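Written out below as structure tokens is the structure these notes cover.
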Amino acid sequence: MSGASLATGTTPGTAIAANAAMRERRQALWRAARRVLLPVLTAALALAAWEWGARASGVSAMVLVPPSAVWSVLANSWPILLEHTLVTLREVTAGFLLAAGGGIALGTLLTASTRIRQTIQPLVVFFQLIPKIALAPLFIVWLGVGPSSRLAFVLFIAFFPVAVSTAAGLMSAERNALLLCRSLTATGWQTFHSVRFPYAVPHIFAGLKICATVAMIGQVVGEFVTAQQGLGYIVMFASAAAETALVFAAVTLLCGLGLLLYGVVAVAEWLVLRWFGAPISSSQF
Amino acid sequence: MSETALALPVAAPARRGWRVGEWGWAIGLPVGFTLVLLALWQAAADLSGIPTVLLPSPLAVLRRAAEVWPELLDNARYTGLEAVLSFLIASLLGVAVAAALSASERLREALYPNLVLFQLIPKIALAPLFVLWLGIGSASRLTFAVFVSFFPVAIATLAGLASADGNALRLCRSLNARGWQTFLAVRVPYSLPFLFSGLKVAATMAFIGVVVGEFISARAGLGYYILFASSRADTPGILAAIGMLCLLGLALYGLIALGEQAARRWWRGG
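Below, the structure written as structure tokens:
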């Protein structure tokens, strides 16, 4: 590359520089392609091995079902699967949104004053740590087997990661930036809006990503124990009937939903980060 | 928001005389708040006339826990053993896989995105399949809990091993350190905070895995006890079992936190 500036004007020099640039670009392209192709090839290879193993081993399709059988179940009974997918998607989205909103609100409240934080934070961390999944049957006792009990359960288990990471994010603001705000006599709201919140954005989104995965877990476990409708119900029902291909079809759709929810959060993070800009680094002070 | 939020982190360290008072607040406030919540709960359960099935008072839960204590302890032993065992297996596997991936760039490129994919999908949904494959014994619950808790450890450790300071790595190279020397002296210490945060996630996930497994298949364990109690509408029993589960979960978490302190001190000293 540096050759380009030295040899401008002379034809061979330009050609060499262009060659070098092209080689470099090719290498970069190859690196990028490798980064995509290698994992995809590995996954394809694993699937192929699974398919071949399931056929060659002669193990019954009840135990080891080949991917092609899962695909044919997906293709043949998609209307009913789609119906249950939509139920799960609707419920998990509602739960996720409520948990995200409540978590960000509580996380913000936690940083409002030191006394409030000291009062509530240990409890929030405690709830963050305990295996909340075990409370699923209790929600049935309280709210029955309908969607409201699943919604409450999803909200309950997906709420804490967001609250904890929002609070951590709001506390993570650069000290110098806060001092600057103070010497500029910024109001509390101005400091929050232009310093604390931008610093918290990456933390909040880290919490939201956990929230998305945990909300899916809550939804599935809720559907396991209430067994009314949804993909979790299909998994439960099909595994009781030893229809392994159907189990895998439903699990595949669940994975798709999980990735979709995560993807939406990731895209939102990208948009918000572009909107607020990256946090100011301390070296700029 | 406002003045306090802005002023405290800046001003607090200056007032030395307040230290003891600060500790008092930091411990007194959450304990007091928890006690107030429990008292409100007790009062609500006693005075509102809501049946015990729906809202058992904390004292009723304690009484129930005392009544069924031997049974609870027995079930807790199953759950605790299975969760700890699967946590240990998942941690060892996770660290081993992360070390292998950090050693080879090709391997990392091929497997890392797939690991992340598995980290993201709701693996819990596969629980019934493990029952189908491995039966309703401990083996299926152990395997499932390992499967659920393995990925956080592997991914966090890998991120930690990759986080080593570039200058430290260059120093190692210029001192002609061998691969394993660099690994032990630089990469491992840098990875410790990541490793332990992965282990903490894995501890919670191991309990989740075992309890969900017990929901589906078990004949013993706290998950089984919870399901059994809920089918008898024995809400105090459910809450007693959940309390037991929380104690187990917090104990494992506490052990990991202690391990983290010890590991950090050791690496700093050595």
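Protein chains in written order, with the UniProt record's numbering: chain A, 1 to 285; chain B, 1 to 270.
Positions of the beta carbon are idealized from the N, C-alpha and C atoms, including for glycine.
Since the model is a prediction, treat every value here as computed from it, not as a measurement.
is_contact[residue i, chain B] using C-beta, thresh 9 angstroms
{"i": "A:Met-236", "result": "yes"}
{"i": "A:Trp-50", "result": "no"}
{"i": "A:Thr-213", "result": "yes"}
{"i": "A:Trp-142", "result": "yes"}
{"i": "A:Ile-104", "result": "no"}
{"i": "A:Ala-158", "result": "no"}
{"i": "A:Ser-281", "result": "Because A:Ser-281 sits at a pLDDT of 47, beneath the cut-off of 50, its placement in the model cannot be relied upon, and the point is left open."}
{"i": "A:Phe-248", "result": "yes"}
{"i": "A:Met-22", "result": "no"}
{"i": "A:Tyr-199", "result": "no"}
{"i": "A:Gln-27", "result": "no"}
Among the options, the one whose alpha carbon lies nearest that of residue i
{"i": "B:Val-186", "options": "B:Leu-169, B:Ser-91, B:Ala-145", "result": "B:Leu-169"}
{"i": "B:Ala-164", "options": "B:Asn-176, B:Ser-140, B:Ile-136, B:Leu-195", "result": "B:Leu-195"}
{"i": "A:Ala-152", "options": "A:Ala-94, A:Ile-204, A:Val-124", "result": "A:Ala-94"}
{"i": "A:Val-247", "options": "A:Ile-16, A:Trp-71, A:Ala-136, A:Glu-51", "result": "A:Trp-71"}
{"i": "A:Glu-83", "options": "A:Val-272, A:Ala-238, A:Trp-270, A:Ile-234", "result": "A:Ile-234"}
{"i": "A:Thr-42", "options": "B:Tyr-112, B:Pro-58, B:Ala-100", "result": "B:Tyr-112"}
{"i": "A:Val-214", "options": "A:Ser-172, A:Leu-261, A:Ala-266, A:Leu-38", "result": "A:Leu-261"}
{"i": "B:Arg-64", "options": "B:Ala-240, B:Leu-250, B:Ala-100", "result": "B:Ala-240"}
{"i": "A:Asn-176", "options": "A:Thr-111, A:Val-40, A:Ala-167, A:Thr-191", "result": "A:Thr-191"}
{"i": "B:Leu-40", "options": "B:Leu-55, B:Gly-28, B:Pro-51", "result": "B:Leu-55"}
{"i": "A:Ala-168", "options": "A:Ala-268, A:Ile-204, A:Pro-131", "result": "A:Ile-204"}
{"i": "B:Leu-247", "options": "B:Ala-203, B:Thr-143, B:Ser-231, B:Lys-123", "result": "B:Ala-203"}
Reduced DSSP category for residue i - H, G, I as helix; E, B as strand; rest coil
{"i": "A:Gln-229", "result": "coil"}
{"i": "A:Gln-88", "result": "According to the sequence provided, residue 88 of chain A is Thr. The question's Gln does not apply to it. In the structure shown, A:Thr-88 sits in a helix (DSSP, three-state: H, G or I)."}
{"i": "B:Pro-113", "result": "helix"}
{"i": "A:Met-62", "result": "coil"}
{"i": "A:Ser-282", "result": "Because A:Ser-282 carries a pLDDT of 45, less than 50, the predicted location of this residue cannot be relied on, and the following value inherits that uncertainty. It is helical."}
{"i": "A:Ile-210", "result": "helix"}
{"i": "A:Ala-241", "result": "coil"}
{"i": "A:Thr-8", "result": "Annotation note: pLDDT 49 at A:Thr-8 (below 50); position unreliable, coordinate value reported separately. Of the three classes helix, strand and coil, the one that applies to A:Thr-8 here is coil, per DSSP."}
{"i": "B:Thr-204", "result": "helix"}
{"i": "B:Asp-234", "result": "coil"}
{"i": "B:Ile-121", "result": "coil"}
{"i": "B:Pro-193", "result": "helix"}
{"i": "B:Ile-50", "result": "coil"}
Contact set between residue i and chain A, taken where Cβ atoms lie within less than 7 angstroms
{"i": "B:Asn-114", "result": "Pro-39, Thr-42, Ala-43"}
{"i": "B:Cys-246", "result": "Ile-130"}
{"i": "B:Gly-135", "result": "Within chain A, no residue comes near B:Gly-135; the closest Cβ sits about 11 angstroms away, beyond 7 angstroms."}
is_contact[residue i, chain A] using C-beta, thresh 9 angstroms
{"i": "B:Pro-128", "result": "yes"}
{"i": "B:Ser-2", "result": "Low confidence applies to B:Ser-2: its pLDDT is 42, below 50, so where it sits in the model is not reliable, and the reading given next is rough at best. True, the Cβ-Cβ gap to chain A drops below 9 angstroms."}
{"i": "B:Pro-30", "result": "yes"}
{"i": "B:Ile-226", "result": "yes"}
{"i": "B:Trp-41", "result": "no"}
{"i": "B:Arg-63", "result": "no"}
{"i": "B:Ile-155", "result": "no"}
{"i": "B:Tyr-253", "result": "yes"}
{"i": "B:Trp-25", "result": "yes"}
Proximal residues of chain A, C-beta to C-beta of residue i below 8 angstroms
{"i": "B:Phe-33", "result": "Thr-119, Ile-120, Leu-123"}
{"i": "B:Ala-110", "result": "Leu-38, Pro-39, Leu-41, Thr-42"}
{"i": "B:Ala-233", "result": "Val-141"}
{"i": "B:Ile-256", "result": "In chain order: nothing, as chain A lies at least about 11 angstroms away."}
Proximal chain B residues relative to residue i, where beta-carbon distance stays under 7 angstroms
{"i": "residue 288 of chain A", "result": "Because chain A here runs from 1 to 285, residue 288 of chain A falls outside it and cannot be looked at."}
Residues that residue i contacts on chain B, provided the C-beta gap is smaller than 8 angstroms
{"i": "A:Gly-258", "result": "Leu-120, Ile-121, Pro-122"}
{"i": "A:Ser-239", "result": "Pro-128, Leu-129, Val-131, Leu-132"}
Proximal chain A residues relative to residue i, where beta-carbon distance stays under 9 angstroms
{"i": "B:Ile-50", "result": "Within 9 angstroms Cβ-Cβ: nothing; B:Ile-50 doesn't reach chain A, min ~11 angstroms."}
Residue i beta carbon near the ligand NAP (any heavy atom closer than 8 angstroms)
{"i": "B:Ser-138", "result": "The model on display carries no ligand, and the ligand NAP is accordingly not part of it."}
Residues of the segment 201-220 of chain B in Cβ contact with chain C at a cutoff of 8 angstroms, in chain order, please. Among the protein chains in the structure shown, which are A and B, there is no chain C.
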